[in-house]
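Numbering (the working numbering), first residue to last: 612 to 902.
Read the structure below first, then the notes.
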């Protein structure tokens, strides 16, 4: 293989790892932040390890999923340009790398913590089940996505050994369920239902009704957390920021050109959402530091 071909192969392989989606794994830092462990270097080190392992696991799952969806992605207006679907890299090489990444994540997590190992093992099992089957089961598909994020938060909790508020876990579930519903809605609006069979079982009315249930649940659970936390009741002041962020995302998926790849790409592209996230994180840090 010529040098140029090797460089392009590695480039396409790296793109297939979906590094832009590693931002999802920042959920493992939730415990570090809300348990006020962000000044504890040991907790920071363990959280970074957890983040890195979830990056390995999630990238491995993306590779396996892309191999499974190879033919379906070729019929998709945008996914057909992915390296695997377009034939730029072989499915065999991708499959081998995916298995290696998942194996590495499990082996290293075993050394880190037994509870953490089982958490990431459940995460991998759930996502593989999603890739092979559950993503074609209506409603179950979006619930699986939300549970995957809750498992990230739980992993962050167990790796640093803290007690975490059940309200925040519930809030995480409802928040990511809301984002998953938004992803399905943007896919419907983009008319890609042929490429993803499960979309035939959804309608805009159904997804809007789901949002009418889930959106209040996010605000209620987050507000209850700010009231009941022993950290600081000043966290209640972040509720308006959270509300704006939720409404802005609704605006993006309803009025703007939302991405088929979901909330991750929407966050990368929408400046108000980025500013909202930065403002919220800044307020949380300032409030918790000054408790």
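The C-beta atom is built at its ideal place from N, Cα and C for all residues, glycine as well.
In this text, all values refer to a predicted model and were calculated from it rather than measured experimentally.
Review point. To which residues of the same chain is residue 897 closer than 7 Å at the C-beta, ignoring the five residues directly before and after it?
Key: Here the question's residue 897 lines up with position 286 in the chain shown. Nothing meets the Cβ criterion.
Point to revise | Identity of the residue in 688, 657 and 627 nearest residue 705 by Cα | key: Counted from its first residue, the chain shown places residue 705 at position 94. The shortest Cα separation from residue 705 among 688, 657 and 627 belongs to 627.
Point to revise | 8 Å Cβ cutoff met for residue 677 and residue 693 | key: Residue 677 sits at position 66 when you count from the first residue of the chain shown. Residue 693 sits at position 82 when you count from the first residue of the chain shown. Yes, the pair counts as a contact, with Cβ atoms nearer than the cut-off.
Check your understanding: alpha helix (DSSP H) containing residue 688: first to last residue?
Key -> Counted from its first residue, the chain shown places residue 688 at position 77. No alpha helix (DSSP H) holds residue 688; DSSP gives it neither H nor E.
**Study point:** Close beta carbons around residue 883, own chain, < 8 Å, minus the five adjacent residues each side
**Key:** Your numbering for residue 883 matches position 272 in the chain shown. Here the set comprises 859.
Review point. Residue 630 to residue 670, Cα distance in whole Å?
Key: What you label residue 630 is simply residue 19 of the chain shown in a count that begins at 1. What you label residue 670 is simply residue 59 of the chain shown in a count that begins at 1. So the alpha carbons of these two residues sit roughly 8 Å apart.
**Study point:** Same chain, Cβ closer than 6 Å to residue 673, five either side skipped, listed in chain order
**Key:** Taking the chain shown and counting its residues from 1, one reaches residue 673 at position 62. Same-chain partners within the cutoff: 629.
Check your understanding: Does the Cβ of residue 806 have 16 or more other Cβ atoms within 10 Å, making it buried, or fewer, making it exposed?
Key -> Position 195 of the chain shown, counting from 1, holds the residue named residue 806. Low confidence applies to residue 806: its pLDDT is 48, below 50, so where it sits in the model is not reliable, and the reading given next is rough at best. Its Cβ being crowded by 16 or more others within 10 Å, residue 806 is buried.
Exercise for review: With distances taken Cα to Cα, identify the nearest neighbour of residue 766 among 795, 652 and 723.
Suggested key: The residue you call residue 766 lines up with position 155 of the chain shown. The shortest C-alpha separation from residue 766 is found at 723.
Review point. Should residue 893 be labelled buried (16 or more other beta-carbon atoms within 10 Å of its own) or exposed?
Key: Against the chain shown, residue 893 aligns to sequence position 282. Its Cβ having fewer than 16 others within 10 Å, residue 893 is exposed.
Check your understanding: So, is residue 905 buried or exposed, given that buried needs 16 or more other C-beta atoms within 10 angstroms?
Key -> Absent from the structure is residue 905, since the part of the chain shown begins at 612 and ends at 902.
Practice item. Starting from residue 653, trace the alpha helix (DSSP H) both ways and give me its first and last residue. Key: What you label residue 653 is simply residue 42 of the chain shown in a count that begins at 1. Here the alpha helix (DSSP H) through residue 653 covers 652-679.
**Study point:** Under 8 Å between C-beta atoms of residue 905 and residue 641
**Key:** For residue 905 there is no data in the structure shown, the boundaries of the chain being 612 and 902.
Check your understanding: Distance, Cα to Cα, residue 881 vs residue 822?
Key -> Translated into positions along the chain shown, residue 881 becomes position 270. Translated into positions along the chain shown, residue 822 becomes position 211. If you take the alpha carbons of residue 881 and residue 822, they lie about 21 Å apart.
Review point. If you pair each beta-carbon of the region 681-699 with each one of the region 709-723, do three or more pairs fall below 8 Å?
Key: no
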